[in-house]
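Each remark here refers to the structure printed beneath this line.
Residue numbers (this note's numbering): 7 to 296.
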């Protein structure tokens, strides 16, 4: 609601956001309003709304990203405990993931540029939570995907050594600590890389990442490259891998680690494609009825 006169004060007070004119507005209107438009230029309101939508979208992306990745970390450990398996991740692995592949991507998402067409979206209910419009599905869905691929990475190493049943896997780990270290390193790498790929998908919840591939957000690419390189370094560089209790891998192992890690981004693209197809089918049926 906009206004400048004394008679506008009740409406300015009652509205969700009351905006008074800064130049022509009365003192009564200004005191009743939530905001004062200092230049009396209505175009400034549009810019402010666009900026506000962009900020809210970035906050939402950041929160959903952090919650989904942390849910994955908790679920990986919880499922391993239920199955009686050794911990897929040791304390320093979890600390590293939270510092490098959680924090930096979260900052990058928070500083992301506004999506094109953000002003074409319907107004958001002020009482609407961050988890509305599929927020819960995003949080738990991607958390589940990352949980599954991390556990798969942890179990693939004993599978390579012929242990498929849980008792056989536990016996193999107990008899050969080196294999356990390999499994933990695989789970550690997949979790870290998966979070980086998940960040790329979260740049646009409703659109394909291809639309944002040429993003001007340099922090996004920096956090991805920085996390990727450091993760390889702690596994492959002598001394560092000893400190982080990591086992260096060969090319084949790195290949399937990367393939597993791409899963969150692949799921994002598939979901976006399905939503796009369903939307087109719905529009087509609507046109046929008309």
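Backbone N, C-alpha and C define an ideal beta-carbon position, used for all residues, glycine too.
For residue 158, the uninterrupted alpha helix (DSSP H) segment begins and ends at 141–166. Only exposed fits residue 127, as fewer than 16 other CB atoms lie within 10 angstroms of its CB.
One alpha carbon belongs to residue 166, the other to residue 267, and they sit about 19 Å apart.
Assigned with DSSP and collapsed to three states, residue 30 falls in coil, not helix or strand. According to the DSSP secondary-structure assignment, residue 8 is paired through a beta bridge with 25. Ranked by how close their Cα comes to the Cα of residue 59, the residues 140, 31 and 121 have 121 in first place. Counting only residues of its own chain and dropping the five nearest sequence neighbours on each side, residue 73 has a CB closer than 6 Å to the CB of 145. Relative to the Cα of residue 124, the nearest Cα in the group 64, 49 and 230 belongs to 64.
Judged by DSSP secondary structure, residue 89 falls within the alpha helix (DSSP H) whose first and last residues are 49–89.
For residue 93, no alpha helix (DSSP H) segment is defined, and its DSSP state is neither H nor E. DSSP places residue 136 outside both helix and strand once states are collapsed to three, so it counts as coil. With contacts defined by Cβ atoms closer than 9 Å, residue 238 and residue 196 do not form a contacting pair. By the Cβ-count criterion, residue 242 is exposed, with fewer than 16 other Cβ atoms from all chains shown falling within 10 Å of its own Cβ.
For residue 41, the uninterrupted beta strand (DSSP E) run begins and ends at 41–43, by DSSP. Secondary structure at residue 37: helix, using DSSP grouped into helix, strand and coil.
According to the DSSP assignment, residue 233 belongs to the alpha helix (DSSP H) that extends over 224–242.
In the DSSP assignment, residue 203 falls within the alpha helix (DSSP H) that extends over 183–208. When the alpha-carbon of residue 27 is set against those of 222, 110 and 43, the nearest one is in 43. Taking a cut-off of 8 Å for Cβ pairs, the stretch 189–205 and the stretch 74–84 touch, as three or more such pairs fall below it. Following the DSSP letters along the chain, one finds residue 259 inside the alpha helix (DSSP H) bounded by residues 257–267.
Within the same chain, and ignoring the five residues on either side of residue 270 in sequence, the residues whose Cβ sits closer than 7 Å to its Cβ are 148, 151, 152, 200, 203, 204 and 207. A straight-line Cα-Cα distance of about 26 Å links residue 192 and residue 215. The residue among 140, 180 and 8 with its C-alpha nearest the C-alpha of residue 93 is 180. Within a 10 Å sphere around the beta-carbon of residue 281 sit fewer than 16 other beta-carbons, which makes this residue exposed.
Scanning its chain for C-beta atoms nearer than 8 Å, with the 5 sequence neighbours on each side dropped, one finds around residue 100 the residues 79, in chain order.
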